[in-house]
Every structure is written in C-alpha cells, then in structure tokens.
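To start, the structure itself, in structure tokens.
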Amino acid sequence: LMLWNVSIVALSLAAMGSLTSYTVRARLMASVDADLQDHVRRTGPPPGHDRGPRRHGPDDPHGFDRRPPPPPGPDGPFSERIPRIFGPDERGRPPFENMRPWDEDAFNQSMRGREVIATIILDGAPVRLLSRPEWPRPGAPGAPAAPPRSDDRPPSHNGDAPVGVVQAIYPLTELVRSLAEMNGALLMLVPVALILAGAGGAWLTDRALRPVRRIADTAARIGADDLDRRLPLTGGDEFADLSRTINGMLERIQLAFSRMEALVQQQRRFTADASHELKTPLTVIKANSSLAIATRPDAAGYHEAIFEIDRAANGMNRLVQDLLLLAGADEQQAGQDRSEIEIADLMQSAARRAERPGSACVQVVAPDEAGIVTANRGELERILSNLLENALRCTPSDGHITLSSRKSAASIAIQIADTGVGIAPEHLPHLGERFYRVDASRTRSEGGSGLGLAICKSLAEANGGRIEIASVLGSGTKVTVYVPGVGYRL
Numbered sequence: 004l005m006l007w008n009v010s011i012v013a014l015s016l017a018a019m020g021s022l023t024s025y026t027v028r029a030r031l032m033a034s035v036d037a038d039l040q041d042h043v044r045r046t047g048p049p050p051g052h053d054r055g056p057r058r059h060g061p062d063d064p065h066g067f068d069r070r071p072p073p074p075p076g077p078d079g080p081f082s083e084r085i086p087r088i089f090g091p092d093e094r095g096r097p098p099f100e101n102m103r104p105w106d107e108d109a110f111n112q113s114m115r116g117r118e119v120i121a122t123i124i125l126d127g128a129p130v131r132l133l134s135r136p137e138w139p140r141p142g143a144p145g146a147p148a149a150p151p152r153s154d155d156r157p158p159s160h161n162g163d164a165p166v167g168v169v170q171a172i173y174p175l176t177e178l179v180r181s182l183a184e185m186n187g188a189l190l191m192l193v194p195v196a197l198i199l200a201g202a203g204g205a206w207l208t209d210r211a212l213r214p215v216r217r218i219a220d221t222a223a224r225i226g227a228d229d230l231d232r233r234l235p236l237t238g239g240d241e242f243a244d245l246s247r248t249i250n251g252m253l254e255r256i257q258l259a260f261s262r263m264e265a266l267v268q269q270q271r272r273f274t275a276d277a278s279h280e281l282k283t284p285l286t287v288i289k290a291n292s293s294l295a296i297a298t299r300p301d302a303a304g305y306h307e308a309i310f311e312i313d314r315a316a317n318g319m320n321r322l323v324q325d326l327l328l329l330a331g332a333d334e335q336q337a338g339q340d341r342s343e344i345e346i347a348d349l350m351q352s353a354a355r356r357a358e359r360p361g362s363a364c365v366q367v368v369a370p371d372e373a374g375i376v377t378a379n380r381g382e383l384e385r386i387l388s389n390l391l392e393n394a395l396r397c398t399p400s401d402g403h404i405t406l407s408s409r410k411s412a413a414s415i416a417i418q419i420a421d422t423g424v425g426i427a428p429e430h431l432p433h434l435g436e437r438f439y440r441v442d443a444s445r446t447r448s449e450g451g452s453g454l455g456l457a458i459c460k461s462l463a464e465a466n467g468g469r470i471e472i473a474s475v476l477g478s479g480t481k482v483t484v485y486v487p488g489v490g491y492r493l
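Sequential numbering of the sequence shown, starting at 4, is according to the working numbering.
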C-alpha cells in the first residue's frame with residue numbers, strides 16, 4: 004500500500020508539474036504574442052498609407068511617408084523591440100535602411116501573404132518573432148499587380164501582393180529563465196511531497212491494517228474448544244463488516260459442532276442402549292440353551308427352556324424390526340404409497356387392537372364428519388398402535404383413554420388423551436429420542452425399549468405430519484398427531 008501510494012503520488016505530481024509548466028509557458032507565450040501583435044498593430048500600414056497627406060515621387064511609388072518612426076531608445080532598436088519595416092527587396096525602411104530582416108525564411112513567407120509567429124535564436128538568445136505582410140491601400144498609385152498564385156499560396160489581400168513586411172521581436176531570455184526557475188522549484192518540491200506521502204501512507208496503512216492484525220490474532224487463537232470466542236467489532240467500516248461476517252460464520256460452525264456433538268452423543272447412547280436391549284434376550288437364550296445342554300431335564304423342563312428362548316427371540320425380533328424401521332425412515336423410505344384414509348374407521352380399528360383384559364377402557368369419540376387424510380395406512384396404524392400402547396401402560400385399569408379427531412387448518416388432528424400418571428416437565432423435551440425412557444431403570448416390566456415414540460415421530464414426519472405431547476404429572480397425557488387432511492365428508 005505504501006509503495007502504490009507513493010507511486011501514484013509521484014505520477015500525479017509529474018503529471019501536474021508537466022501540465023502546470025506547459026500551461027504557464029503557453030499562457031506566457033500567448034501574452035508575448037499578443038504584445039507583439041499590439042506593437043505591430045500600432046505600427047500600422049506603411050507610413051503615409053493611412054495617416055497624413057501622401058507625397059508621391061520616384062522614391063515613393065506606393066505612397067510611403069518618409070517621416071521616420073520614433074527614434075529608438077538608448078540601447079538601440081533591438082532592445083526597444085521597435086518593429087522593422089522592409090520592402091520587397093528586403094531593404095529596410097528608414098531608419099532601418101542598413102538592416103536586414105531578423106529571419107529571412109519568415110520574411111519570404113510573409114511576402115507570400117502569410118503571417119508568421121516563431122521562436123528564433125538571435126546572438127545566442129531566444130526571441131519571439133512576428134512577421135506580418137503589409138498590403139497596399141486599394142487604389143494606391145503604382146500598386147503592383149498581384150503575382151500569379153499557386154494552389155499552396157494563401158489568398159492575397161483584395162487580390163494584391165504584399166508591398167512590404169513588418170517584423171517585430173520579443174526577447175525570451177527572462178521568460179525562459181523564469182520557466183526554468185519554476186521547473187526547478189517544482190522538481191525541488193517533488194521529493195518533499197513524496198516523503199510526506201510516504202510518511203502519510205505509512206501512518207494510514209498502519210491504521211488501516213491494525214483491525215486486520217487484530218482479526219488475524221483473534222482468529223488464530225480460536226480453536227475447537229473455544230468456538231464461543233468472537234472477533235472484536237469496532238466502527239462501521241468494511242473491517243467491521245468483515246468481523247460480523249466471520250462472527251456469523253463462527254456461530255454457524257459452533258452450532259454445527261454442537262449438533263455434531265449431540266449426534267455423536269446420541270449415537271453413543273444409541274449403541275449403548277441397543278447393546279443393552281440385545282444383551283437381555285441374548286442372556287436368556289444363552290442361559291436356557293446352556294442349561295438344557297448341561298442337564299437332563301424332563302419334558303416340562305425342555306418346554307420351559309424352549310418357551311423362554313422363543314420369548315427372548317421374539318423380543319429381539321421386535322427390537323431389530325424397530326431398528327430397521329427407524330433406519331428406513333432415516334433413509335426416507337417411509338411415507339411411500341400414501342392413500343386416502345377415513346379417520347373414523349382407522350380409530351375404531353386401532354382401539355379394537357389395543358384392548359387388553361384388565362386394562363383401561365379406550366373410548367373412541369367419532370367426529371360429526373368423516374375426516375379423510377392422506378398417508379400410508381400401515382404406518383399410520385403403527386403410530387396409533389404405539390401411542391395407545393404407551394397410554395395403556397401409563398393408565399391404571401380404572402382410568403380411561405379417549406381417542407378423537409378434529410379439523411385443524413390444512414390437517415386433521417388425531418388426539419389420544421389418557422388419565423394416567425403423566426410425565427414430568429423435564430422429560431418432555433426428550434420424548435421422541437431413541438431409547439429414551441422416562442423410567443431410567445431400563446427394565447421392561449414398566450416400559451418398552453424406548454423406541455416407540457421415536458418410531459411415531461419418524462413415521463409422522465415421513466407422512467408430512469408431526470406429533471405434539473402435553474402432559475401434567477399426576478393428571479394424564481395428551482398426544483396429538485397432525486396428518487395432512489383431504490377434507491371432511493358430510
């Protein structure tokens with residue numbers, strides 16, 4: 004940044020210095036040219052051409068007044084810059100009879116009708132020269148006829164040829180010296196300006212990059228264990244916007260790490276719970292088979308051992324089927340083959356299958372209208388079956404369970420309400436997690452494997468619905484399943 008800053012300033016100073024020198028020189032030269040024009044203009048046409056009576060004779064065929072111009076100053080005509088008038092033969096008019104034109108090339112061009120302004124060198128010094136043709140007054144006696152013109156010759160004055168040339172000069176020595184001094188002053192100021200630009204650029208660069216260093220230092224100290232650290236925010240410039248963007252990225256990374264950690268913990272818990280759930284039936288199978296091999300039991304003993312093995316195998320089979328169902332839901336294999344289902348028939352069928360001797364009564368409240376939902380029938384039956392099984396497990400035999408439905412926005416809500424023991428508030432956020440059970444004893448005597456609600460949640464989401472659970476400890480639980488509805492039939 005410092006190098007670019009100094010380079011740009013140097014180029015800018017060079018451009019401005021060149022432009023300033025050119026502009027000043029052009030204006031000064033324009034002033035000199037205007038001064039020469041004024042001098043020549045005051046000289047006017049040849050003497051006697053426009054002022055005073057003209058006297059004609061052999062020596063003045065064009066009406067020139069022989070009265071001399073004002074005498075030159077003490078330093079001679081050169082220093083006084085008195086314009087000189089020359090005839091066509093390059094002879095000077097009085098008092099310049101013995102003088103030649105300052106520049107013969109300019110004289111020849113003026114005799115061809117051109118006005119010439121040029122810079123020439125006289126006695127080693129630069130001067131500005133103005134050479135202007137003089138035209139005869141129309142009708143002047145003896146005025147020569149205009150010479151024939153070629154294509155490159157400019158048009159003459161009223162068709163006449165010049166009768167003389169006026170040349171004036173302006174010394175440029177002082178002007179050139181002033182321009183040289185000005186250029187020298189500009190060149191002396193350039194290093195000073197570059198030093199100031201470098202110092203200012205260093206200060207600005209350090210000030211501008213200071214937030215970058217702070218951002219880099221803070222970012223270098225952020226690790227996986229302290230993702231809650233954020234970059235400092237100061238001001239409202241682009242670096243503050245950059246810090247906000249990086250802080251937002253850190254928040255997303257922290258959230259992703261938190262989710263990943265939760266998934267890892269859930270996976271560990273899932274592995275431990277699955278191992279525990281499989282360990283119990285495997286232990287039963289191993290114990291009974293080993294006992295049958297090691298002893299000689301009678302027929303009743305063999306029957307009891309085989310019965311225990313079969314029951315343990317059934318438990319393992321249900322657990323494996325539940326795991327496969329959850330794996331299929333994770334792979335988005337659930338929620339396929341949807342059809343229109345009447346809610347009333349579905350609730351009646353689920354209540355009949357859930358009835359158990361000595362358990363609470365399941366009451367179905369039929370809606371006034373026949374609700375129609377769109378879902379996979381088998382998966383929706385599995386949801387209601389699991390929820391009713393949980394309700395029966397948590398509700399005493401003298402309690403009751405109500406199964407009802409209602410229209411809710413673009414879906415139909417199926418609600419299962421029981422008068423059971425209820426669920427403590429700290430457990431509600433974790434319901435639906437795999438292998439999570441309110442009873443931490445992990446026994447099957449008072450609870451299942453902890454996959455029932457997880458299966459219900461996965462199947463409901465696969466069918467475009469959701470599950471909400473509300474419970475009051477000691478008063479009962481309400482579970483509402485929202486399923487996309489087609490409508491009601493009257």
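All C-beta atoms, glycine included, are put in the ideal place defined by N, C-alpha and C. Predicted, not measured: the structure shown is a model, and the values here were computed from it.
With a 10 Å radius around the Cβ and a threshold of 16 neighbouring Cβ atoms, Ala-315 comes out buried.
Thr-176 is the residue among Leu-207, Thr-248, Leu-326 and Thr-176 whose C-alpha sits nearest the C-alpha of Val-130.
The count of Cβ pairs closer than 8 Å, one atom from the segment 354-366 and one from the segment 324-340, stays below three, leaving the stretches out of contact.
Under the DSSP assignment, Pro-136 falls in the beta strand (DSSP E) whose first and last residues are 128-137. DSSP places Pro-194 inside the alpha helix (DSSP H), whose first and last residues are 176-224. Taking a C-beta distance under 8 Å as the contact criterion, Asp-106 and Ile-123 qualify as a contact pair. With 16 or more other Cβ atoms from the protein chains shown falling within 10 Å of its own Cβ, Trp-138 counts as buried. If you draw a 10 Å sphere on the C-beta of Pro-214, you find 16 or more other C-beta atoms in it, and that means buried. DSSP places Glu-345 within a strand segment (E or B) once states are collapsed to three. Under the three-state reduction of DSSP, Val-166 is assigned to coil, being neither helix nor strand. Secondary structure of Tyr-305 (DSSP, three-state): helix. Gly-477 sits away from Ala-457, with the two beta carbons spaced by 8 Å or more. In this structure, the beta-carbon distance from Val-168 to Ser-134 falls below 8 Å. Gln-366 is a Cβ neighbour of Ile-404, given a cutoff of 8 Å.
Setting aside the 5 residues that flank it on each side, Ala-465 is surrounded in the same chain by Ala-332, Ala-337 and Gly-338, each with a C-beta closer than 6 Å to its C-beta; the list follows chain order. Here DSSP, grouped into helix, strand and coil, assigns Ala-416 to strand. In the displayed model, Gln-112 falls within a helix according to three-state DSSP. The beta carbon of Ala-427 is closer than 7 Å to those of Leu-476 in its chain, skipping five residues each way along the sequence. Going by C-alpha positions, Asp-228 is about 26 Å away from Phe-242. By the criterion of a C-beta distance shorter than 8 Å, Val-287 is surrounded in its chain by Glu-311, Ile-312, Arg-314 and Ala-315, once the five residues flanking it on both sides are discounted. Under the DSSP assignment, Gln-257 falls in the alpha helix (DSSP H) whose first and last residues are 241-297.
A direct Cα-to-Cα measurement between Glu-184 and Ala-121 gives close to 23 Å. Here DSSP, grouped into helix, strand and coil, assigns Arg-321 to helix.
Looking at the backbone, the Cα of Pro-174 and that of Phe-99 are separated by about 19 Å. Beta-bridge partners of Ala-378 (DSSP): Ser-342. Between Thr-377 and Arg-355, the CB-CB gap reaches or exceeds 8 Å. Rounded to whole angstroms, the gap between the alpha carbons of Cys-397 and Val-424 is 6 Å. Excluding sequence positions up to five before and after Gln-40, its CB lies within less than 8 Å of the CB of Leu-133, all in the same chain and listed in chain order. It is roughly 38 Å from the alpha-carbon of Asn-111 to the alpha-carbon of Gly-20.
Thr-405 has Gln-366 and Ala-420 as its beta-bridge partners, per DSSP.
Three or more beta-carbon pairs drawn from the segment 242-255 and the segment 217-232 are found closer than 8 Å, and the two stretches are therefore classed as touching. The three-state reading of DSSP puts Ala-29 in helix, counting H, G and I together.
Taken atom to atom, the span from the alpha-carbon of His-279 to that of Leu-322 is near 11 Å. About 4 Å separates the Cβ atoms of Leu-387 and Ala-353, confirming a contact at the 8 Å cut-off. Cβ-Cβ distances below 6 Å link Gln-335 to nothing in the same chain once the five nearest sequence neighbours on each side are left out. When beta bridges are read from the DSSP output, Phe-89 appears opposite Gly-95 and Val-168.
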